[in-house]
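This is the structure in structure tokens:
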């Protein structure tokens with residue numbers, strides 16, 4: 001049984017595992033207002049493109065259900081629209097928030113009856129989005145086995161495991177599945193500054209799963225690649241443009257360029273829901289810039305002087321030319337992608 | 001008047017500015033025992049290849065002077081030998097510790113008379129090493145101006161300023177001198193995990209000097225290079241092999257390979273005392289591996305789970321092929337180097 005980082009409460013509100021407190025504390029947080037949901041997205045208490053889509057859908061239900069169920073049709077649809085728009089804008093780079101709430105909107109609009117029927121349908125739709133992601137993760141992990149071999153040494157960046165999805169994960173899911181099948185993979189875990197998703201989340205998942213791994217400063221990855229200690233790089237994707245450019249956690253571009261320099265294959269791993277056919281190339285992807293304190297005061301302890309400006313983009317864009325292939329639930333793809 | 005991170009006390013012991021407490025505290029620490037000196041090296045209270053050489057020499061005097069001055073010649077020389085050997089082994093990668101104590105040993109052996117004469121000569125020799133480094137830094141900064149132009153945007157890694165040397169610095173000294181001359185350079189400062197020498201030390205020096213700068217996570221440098229926001233990379237060197245391979249702070253190799261990928265010139269900046277003609281190439285350089293806690297618990301706050309292994313090399317080796325040139329006190333050099 002894999003970990004899931006979110007759940008419904010019996011009352012129908014949303015529970016999320018607060019990922020900002022891992023690995024030292026496992027604390028669940030109940031979400032019953034739009035404000036709390038947006039705060040959880042903004043503070044990265046839940047993060048990872050697929051998990052954002054699922055919790056956007058579940059959260060939409062959780063925050064509108066009481067008022068919407070008691071409202072006539074028009075009022076319920078208006079509540080859904082209002083919450084959906086705020087959720088879609090919570091983080092600008094991942095396409096999954098928009099994708100999930102648009103799907104929820106369509107389901108609401110296509111459901112006959114009053115508010116109570118609409119809320120019931122939205123709950124079904126959110127469950128469907130979750131179930132589909134779980135199946136998608138399983139399919140990605142299966143297709144990814146083509147890249148695995150006994151004892152393979154994989155470098156990864158950020159967290160793309162169960163904590164980032166509704167299932168076994170994307171990039172990390174491939175390795176976790178290989179571990180379950182006895183291939184004894186070994187994972188080099190970039191700590192992933194500024195928020196340490198590698199140290200805090202990926203290492204925690206691998207430790208739980210009993211998969212061999214080692215945490216390193218992001219800047220130490222080059223030495224590993226140069227020393228021939230990495231067979232394969234697997235990373236996730238927050239958004240894939242039509243030409244194959246990939247927006248992902250800041251640092252991915254550097255890993256991709258270094259992998260190319262040192263002759264190591266580099267795969268982007270993501271569900272096709274992260275592919276954005278409306279986006280022709282990476283230059284059109286809006287990059288979220290985050291608070292300076294994440295860099296200047298890691299874990300709340302100041303390291304940079306007050307008064308020194310900070311550059312803190314959450315994502316970077318890896319050009320398609322540096323990507324060996326795209327592992328998806330439909331197989332390993334190469335651009336141009338079909339619709 | 002530039003900052004100096006060390007000084008003699010009136011009594012002849014060594015004072016060092018504790019660089020582990022910057023930028024939030026400026027606290028000086030008096031060194032009057034070999035144990036305290038080795039602890040200061042090991043904890044990086046003083047760091048930077050040239051500063052290590054100077055404080056090795058000054059520290060050798062500080063810790064032997066009382067006993068050696070009262071000893072006959074043979075006893076004094078034995079005290080010097082014993083301390084020198086321990087100091088030389090304090091950190092394995094920088095060549096400057098060995099270089100400085102060997103020079104002090106030769107001066108001791110070549111000085112006539114008893115312990116008091118030897119101690120007086122060693123104090124002169126340490127002062128000479130410091131004064132020479134100050135002149136060397138000035139010459140490096142001067143030669144480096146050939147790479148400067150108004151408004152130039154320089155990416156650097158770790159700290160190579162006054163805090164790392166006995167003068168204006170090496171790589172950062174070039175930029176500081178350009179700032180003094182009104183060229184208004186701009187510096188992109190890699191934070192330099194795991195110990196944040198970029199955030200803590202380089203940003204602090206640039207802020208003091210009024211030079212425009214921005215601190216970034218190491219992994220964000222690739223995006224800057226890709227976006228054409230960097231004109232030049234300047235880094236230091238802890239050791240340069242005869243073929244031009246450079247050992248420097250971990251992360252330097254990645255910056256070098258990315259600079260090459262994105263077509264940005266990359267210069268290693270160091271005094272020729274960091275060049276090791278006895279070392280044929282980078283594969284022969286011993287790389288110091290440091291404590292896991294530096295990665296797992298930055299600033300003492302745990303981010304990686306207990307039980308996750310850590311890879312924490314202090315340095316990496318950049319092959320000569322990735323280095324555009326070597327800025328030294330003798331000019332901008334290219335291998336093979338003359339003796």
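Protein chains in written order, with my numbering: chain A, 1 to 339; chain Z, 1 to 339.
Virtual Cβ for every residue (Gly too), placed ideally from N, Cα, C.
Please report how far the alpha carbon of residue i lies from the alpha carbon of residue j, in whole angstroms.
i, j, result
"residue 98 (chain A)", "residue 216 (chain Z)", "29 angstroms"
"residue 248 (chain A)", "residue 315 (chain A)", "5 angstroms"
"residue 266 (chain A)", "residue 253 (chain A)", "11 angstroms"
"residue 283 (chain Z)", "residue 245 (chain Z)", "9 angstroms"
"residue 257 (chain A)", "residue 261 (chain Z)", "7 angstroms"
"residue 308 (chain A)", "residue 135 (chain Z)", "30 angstroms"
"residue 250 (chain Z)", "residue 176 (chain Z)", "23 angstroms"
"residue 80 (chain Z)", "residue 108 (chain Z)", "8 angstroms"
"residue 332 (chain A)", "residue 243 (chain A)", "15 angstroms"
"residue 221 (chain Z)", "residue 157 (chain A)", "15 angstroms"
"residue 64 (chain A)", "residue 3 (chain A)", "27 angstroms"
"residue 105 (chain Z)", "residue 61 (chain Z)", "11 angstroms"
"residue 41 (chain Z)", "residue 16 (chain Z)", "11 angstroms"
"residue 184 (chain A)", "residue 103 (chain Z)", "52 angstroms"
"residue 86 (chain A)", "residue 337 (chain A)", "30 angstroms"
"residue 171 (chain A)", "residue 55 (chain A)", "20 angstroms"
Within the 9 angstroms Cβ cut-off, does residue i reach chain Z?
i, result
"residue 242 (chain A)", "no"
"residue 156 (chain A)", "no"
"residue 21 (chain A)", "no"
Using a Cβ-Cβ distance cut-off of 9 angstroms, determine whether residue i contacts chain A.
i, result
"residue 192 (chain Z)", "yes"
"residue 185 (chain Z)", "no"
"residue 299 (chain Z)", "yes"
"residue 130 (chain Z)", "no"
"residue 222 (chain Z)", "yes"
"residue 326 (chain Z)", "no"
"residue 312 (chain Z)", "yes"
"residue 121 (chain Z)", "no"
"residue 92 (chain Z)", "no"
"residue 199 (chain Z)", "yes"
"residue 254 (chain Z)", "yes"
Check for me: the beta strand (DSSP E) holding residue i runs from which residue to which?
i, result
"residue 248 (chain Z)", "246-249"
"residue 332 (chain A)", "331-333"
"residue 29 (chain Z)", "28-31"
"residue 153 (chain Z)", "153-156"
"residue 233 (chain A)", "232-235"
"residue 317 (chain A)", "315-318"
"residue 14 (chain A)", "14-17"
"residue 186 (chain A)", "186-190"
Out of the options, point me to the one whose CA is closest to residue i's CA.
i, options, result
"residue 73 (chain A)", "A:112, A:261, A:244", "A:112"
"residue 130 (chain A)", "A:8, A:269, A:331, A:39", "A:8"
"residue 190 (chain A)", "Z:63, Z:199, Z:289, Z:303", "Z:303"
"residue 137 (chain A)", "A:115, A:161, A:116, A:127", "A:161"
"residue 223 (chain Z)", "A:209, A:236, A:311, A:145", "A:311"
"residue 195 (chain A)", "A:78, A:300, A:88", "A:300"
"residue 45 (chain Z)", "Z:6, Z:60, Z:75", "Z:6"
"residue 188 (chain A)", "A:154, A:236, A:288, A:278", "A:154"
"residue 329 (chain Z)", "Z:321, Z:86, Z:140", "Z:140"
"residue 297 (chain Z)", "Z:280, Z:193, Z:264", "Z:193"
"residue 334 (chain Z)", "Z:313, Z:306, Z:268, Z:36", "Z:268"
"residue 39 (chain A)", "A:84, A:287, A:91, A:305", "A:91"
"residue 280 (chain Z)", "Z:319, Z:271, Z:305", "Z:319"
What first and last residue would you give for the alpha helix (DSSP H) that runs through residue i?
i, result
"residue 225 (chain A)", "221-226"
"residue 239 (chain Z)", "Where residue 239 (chain Z) is concerned, there is no enclosing alpha helix (DSSP H), although the beta strand (DSSP E) it sits in stretches over 239-241."
"residue 136 (chain A)", "115-144"
"residue 102 (chain A)", "96-109"
"residue 261 (chain Z)", "252-261"
"residue 64 (chain A)", "49-69"
"residue 180 (chain Z)", "171-180"
"residue 7 (chain Z)", "Not the alpha helix (DSSP H): residue 7 (chain Z) falls in the beta strand (DSSP E), residues 6-8."
"residue 208 (chain Z)", "203-209"
"residue 38 (chain Z)", "34-42"
"residue 80 (chain Z)", "73-88"
Check the Cβ of residue i against every Cβ in chain D and list those closer than 7 angstroms, keeping chain order.
i, result
"residue 203 (chain A)", "Looking for chain D here will not work: the only protein chains present are A and Z."
Open item on the list: Across the region 15-28 of chain A and the region 65-85 of chain A, are there enough close Cβ pairs to call them in contact, namely three or more that are closer than 8 angstroms?
Closed with: The answer is no - the region 65-85 of chain A does not touch the region 15-28 of chain A, with fewer than three Cβ pairs under 8 angstroms.
Open item on the list: Tell me whether the region 45-52 of chain Z and the region 156-172 of chain Z touch, counting them as touching only if at least three CB pairs, one residue from each stretch, are closer than 8 angstroms.
Closed with: yes
Open item on the list: For the region 204-223 of chain Z against the region 116-125 of chain Z, do three or more pairs of beta-carbon atoms, one drawn from each stretch, fall closer than 8 angstroms, so that the two count as touching?
Closed with: no
- [ ] Evaluate the contact criterion for the region 142-151 of chain Z versus the region 23-40 of chain Z: three or more CB pairs, one atom per stretch, below 8 angstroms.
- [x] no
Open item on the list: Does the contact criterion of 3 or more C-beta pairs under 8 angstroms hold for the region 269-289 of chain A versus the region 222-240 of chain A?
Closed with: yes
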